[in-house]
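Novice:
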Amino acid sequence: MRLPRETRTYVAIDLKSFFASVECVLRGLDPLSTNLVVADASRTEKTICLAVSPSLKAYGIPGRARLFEVIQKVREVKRQTGKDVEYIVAPPQMAKYVEYSTRVFNVYLKYVSADDIHVYSIDECFIDLTHYLSMYKKSARELAKEMIRDVLETTGITATAGIGTNLYLCKIAMDVMAKHVAPDADGVRIAELDEMTYRKELWGHRPITSFWQLGRGIAERLAHCYLNNGRGIFTMGDLARASVKHPDALYKMFGVNAEILIDHAWGYEPCGIAEIKQYKSKTHSIGGGQVLSCAYDCAKAKIVIREMVDTLALDLVEKGLVTNGLTLHVGYDRENVDKGIYHGETVIDNYGREIPKPAHGTAPLMNYTSSASTIAEAVMKLADRIMNPLLTVKRLNLTANNVLEATQESYDLFTDVKKIEREKKMMQAQIAIKKRFGKNAIFKGMDMQEGATTRERNQQIGGHKA
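Residue 466 is where the sequence shown ends in UniProt numbering, and the numbering goes up by one at each step.
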C-alpha cells in the first residue's frame, strides 16, 4: 500500500537543439530559423550530428542523424520540391557549450536554490518548484515560462519544458507531450501531466520506447511476453493492466527493474531531487571510453587500450585514488557482420543493426594500486584473452573498479615498493607539466603511432572538439 506523499511540482527544462542554438547565437543568427547541424565534417560523412537546428528538423531530419543522412535528405527535398536547402555544418566547440550551459544554470539560480536543481545533462535539468510557487505567487507554468524567457534574454537560446507531480511525469510531459503543443512567439513549448492525465492521455501512446528509460531491448521483451490477454505489451496501458493480473511474471522477467516499469506504467515515481542529492553509492569506479573514428584492427585497438591505461592511471594519481580491478569492454564494428567476416553470436545495437557480441572482461589485481605499469600488465593480458584478433573494433571502455582513497594502497612481500614510489613521482610530475603547459606538453612514443588517439583527444571535451 502506498502512503500519501506531499504533492510536489517539478519542471524539466530542455534547451532546444542546444549545441546548434549556441552555434547560431555565436554567428548572430536566429536558432529557430537557421539551417545548421553540428558535426565534425573532417572525420567522415558517417560522423554523427551532435545537434540539428529546428528548421532542419522540419524537413524530417532526426536530431542525431549522421552527416550523410542530412546530405541525402537535402537532396531528396531538392528532387521533390525543387527547393535548394542551404545549411551550415558547424564543427563542435565543446568548451563554448559548457560555458553557455553554466550561464543558463546561473539564470536558474536567480529563481531557485542549487539544492532544488538536478542537472541531468549539459542541456537538461530538473527543478523542484514546490516551495517557490507560493513565494512568487505564480503557477508552475508561469514560473517556468519566466525562467525560460530569462534564459532566452540572457543567452539567445529557447527551451522546452514539462511540468509534473513527480520527476518521471515532468520528463514525459517534456519529451512526449510538449512535442504536440503549439510554441509561443519565442518557440517555447510547455506541457503538464499528473498521474490521472498521464493515464488518460498516454496509456495508449505508441511506440512504448518514447517513454523514459524504456529502450528497444525491454520493448522487445514486452512485445513477446503475451501477458496482455494472450497478446504482447505495446503500450503503458497494456503494462499497467498486466501488472495487476501478472505481477509475478513481470518480476520474473525483469527482476527488481520490474518495480520501476510498473511504477512508471501507472505514472508513479517515488524518487525526488532530495533523494537524488542524498544518494551515495556503496562502490565507486572511474573510467573512460571512446568511439573510434573508423574500424580498427586488433593490433591498432590495443595501442588505444594502452593509451587509455596511462590516462586512467594518471587520473587515479591526480584524484588520490587506488583500484583493485579493471574492466575492459570492446565493441566490434558492424562491418564484421556486413562483410561476412563473422558468423558467431550477435546482438542488436542502438541503431537496430546486427553486430558481433562485444567482448567484456575483468582483471582483478592482487593489491590496491594506481601504478600504471601494474594496471597496464593486467589490462593488456585481459585484452589478449578476450579480444577476437580477426574482428575490427569500434568502441572501447576501460574502468577502474572499487576505487578507494590512496591511503588504502597496499603491497605484498614481493612488491618493489621503491619502484612503485619512483613511478608515482614520475606520474605526479607528468600531471604537473600537463596542468601548466597543456595536456600535449608531454606524451609517449606510442602516442605517435598510427591509430593512437591520445594527442587528438587531449584537445577534445567529451570526445568532441573543444
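The beta-carbon is built from N, C-alpha and C at its ideal position, and this holds for glycine as well. None of these values were measured; they are calculated from a predicted model.
Of the residues V337, H284, T327, E23, which one's Cα is nearest the Cα of K381?
Specialist: Translated into positions along the sequence shown, residue 381 becomes position 381. Cα-wise, what sits closest to K381 is T327.
Novice: Find the nearest neighbour of V22 within the set M427, V151, P207, judged by alpha-carbon distance.
Specialist: The residue given as residue 22 occupies position 22 in the sequence shown. Of M427, V151, P207, the residue nearest in Cα terms is V151.
Novice: My output table needs one value for E6: the three-state DSSP class, helix, strand or coil.
Specialist: Counting from one through the sequence shown, the residue named residue 6 turns up at place 6. DSSP places E6 in coil when its eight states are reduced to three.
Novice: Run the CB neighbour count on N35, radius 10 Å, all protein chains shown included, and call it buried at 16 or more, exposed below.
Specialist: Within the sequence shown, numbered from 1, the residue matching residue 35 stands at position 35. It is buried - the Cβ of N35 has at least 16 other Cβ atoms within 10 Å.
Novice: Could you tell me the boundaries of the beta strand (DSSP E) in which K394 lies?
Specialist: Your numbering for residue 394 matches position 394 in the sequence shown. Membership of K394 in the beta strand (DSSP E) is indicated by the continuous run 393-400.
Novice: Name the residue from T81, K57, R79 whose alpha carbon lies nearest to the alpha carbon of V70.
Specialist: Position 70 of the sequence shown, counted from the first residue, corresponds to residue 70. Among T81, K57, R79, the Cα nearest to that of V70 belongs to K57.
Novice: Answer with buried or exposed for E76, where buried requires no fewer than 16 other C-beta atoms within 10 angstroms of its C-beta.
Specialist: Within the sequence shown, numbered from 1, the residue matching residue 76 stands at position 76. Exposed, by the Cβ-count rule.
Novice: Per the contact definition of three or more C-beta pairs closer than 8 Å, is the segment 174-188 in contact with the segment 132-139?
Specialist: Not touching, per the Cβ criterion.
Novice: Under three-state DSSP, which class holds N166?
Specialist: Position 166 of the sequence shown, counted from the start, is the residue given in the question as residue 166. If DSSP states are grouped into helix, strand and coil, N166 belongs with coil.
Novice: By alpha-carbon positions, which one of L390, V89, V37, I386 ends up nearest to R64?
Specialist: Against the sequence shown, residue 64 aligns to sequence position 64. Measuring from the Cα of R64, the nearest candidate turns out to be V37.
Novice: For a test of the three-state rule: what should DSSP assign to G255, helix, strand or coil?
Specialist: For the purposes of this step, residue 255 is taken as residue 255 along the sequence shown, with counting starting at 1. The answer is coil: DSSP assigns G255 none of H, G, I, E or B.
Novice: Output the distance between the C-alpha atoms of I433 and T453, rounded to the nearest integer angstrom.
Specialist: Residue numbering aside, residue 433 sits at position 433 when the sequence shown is read from its first letter. Residue numbering aside, residue 453 sits at position 453 when the sequence shown is read from its first letter. Cα to Cα, I433 sits roughly 20 Å from T453.
Novice: Measuring CA to CA, which of Y342, L321, D416 is closest to A406?
Specialist: As a working note, residue 406 is residue 406 in the sequence shown. The shortest C-alpha separation from A406 is found at L321.
Novice: With distances taken from CA atoms, which of V112, A372, L398 is nearest E421?
Specialist: If you number the sequence shown from 1, residue 421 lands on position 421. Among V112, A372, L398, the Cα nearest to that of E421 is on A372.
Novice: Which residues share a DSSP beta bridge with C298?
Specialist: Within the sequence shown, numbered from 1, the residue matching residue 298 stands at position 298. Secondary-structure assignment with DSSP links C298 through no beta bridge to anything.
Novice: Mapping DSSP to helix, strand and coil, what is H264?
Specialist: Walking along the sequence shown from the start, residue 264 turns up at place 264. Note: H264 maps to helix in three-state DSSP.
Novice: Rounded to whole angstroms, what is the Cα-Cα separation between V403 and V379?
Specialist: Taking the first residue of the sequence shown as 1, we reach residue 403 at position 403. Taking the first residue of the sequence shown as 1, we reach residue 379 at position 379. V403 and V379 have their C-alpha atoms spaced approximately 16 Å apart.
Novice: To the nearest angstrom, how far is it from the Cα of A144 to the Cα of Y168?
Specialist: As a first step, residue 144 is located in the sequence shown; it is residue number 144 there, counting from the start. As a first step, residue 168 is located in the sequence shown; it is residue number 168 there, counting from the start. So the two alpha carbons sit approximately 17 Å from each other.
Novice: Should G187 be labelled buried (16 or more other beta-carbon atoms within 10 Å of its own) or exposed?
Specialist: Taking the sequence shown and counting its residues from 1, the one referred to as residue 187 is at position 187. Buried.
Novice: What does DSSP give as the partner residue(s) for I13 in the beta ladder?
Specialist: Residue 13 sits at position 13 when you count from the first residue of the sequence shown. I13 pairs with C125, A161.
Novice: Check H205 in the structure and name its three-state DSSP category.
Specialist: The residue you call residue 205 lines up with position 205 of the sequence shown. Coil at H205, not helix or strand.
Novice: Measuring CB to CB, does M427 end up less than 7 Å from V309?
Specialist: The residue labelled residue 427 in the question sits at position 427 within the sequence shown. The residue labelled residue 309 in the question sits at position 309 within the sequence shown. No, these two residues do not count as a Cβ contact at 7 Å.
Novice: Please name the residue in A295, A301, I386 whose C-alpha comes closest to that of R334.
Specialist: The count along the sequence shown starts at 1 and reaches residue 334 at position 334. Measuring from the Cα of R334, the nearest candidate turns out to be A295.
Novice: Give me, in chain order, the residues of the same chain whose beta-carbon lies closer than 6 Å to that of M448; leave out the 5 immediate sequence neighbours on both sides.
Specialist: Working through the sequence shown from its first residue, we reach residue 448 at position 448. Result list for M448: empty, nothing under 6 Å.
Novice: Quick check: the Cα distance between E192 and S139, rounded to an integer number of angstroms?
Specialist: One-based indexing of the sequence shown puts residue 192 at position 192. One-based indexing of the sequence shown puts residue 139 at position 139. Near 12 Å, if we compare the C-alpha coordinates of S139 and E192.
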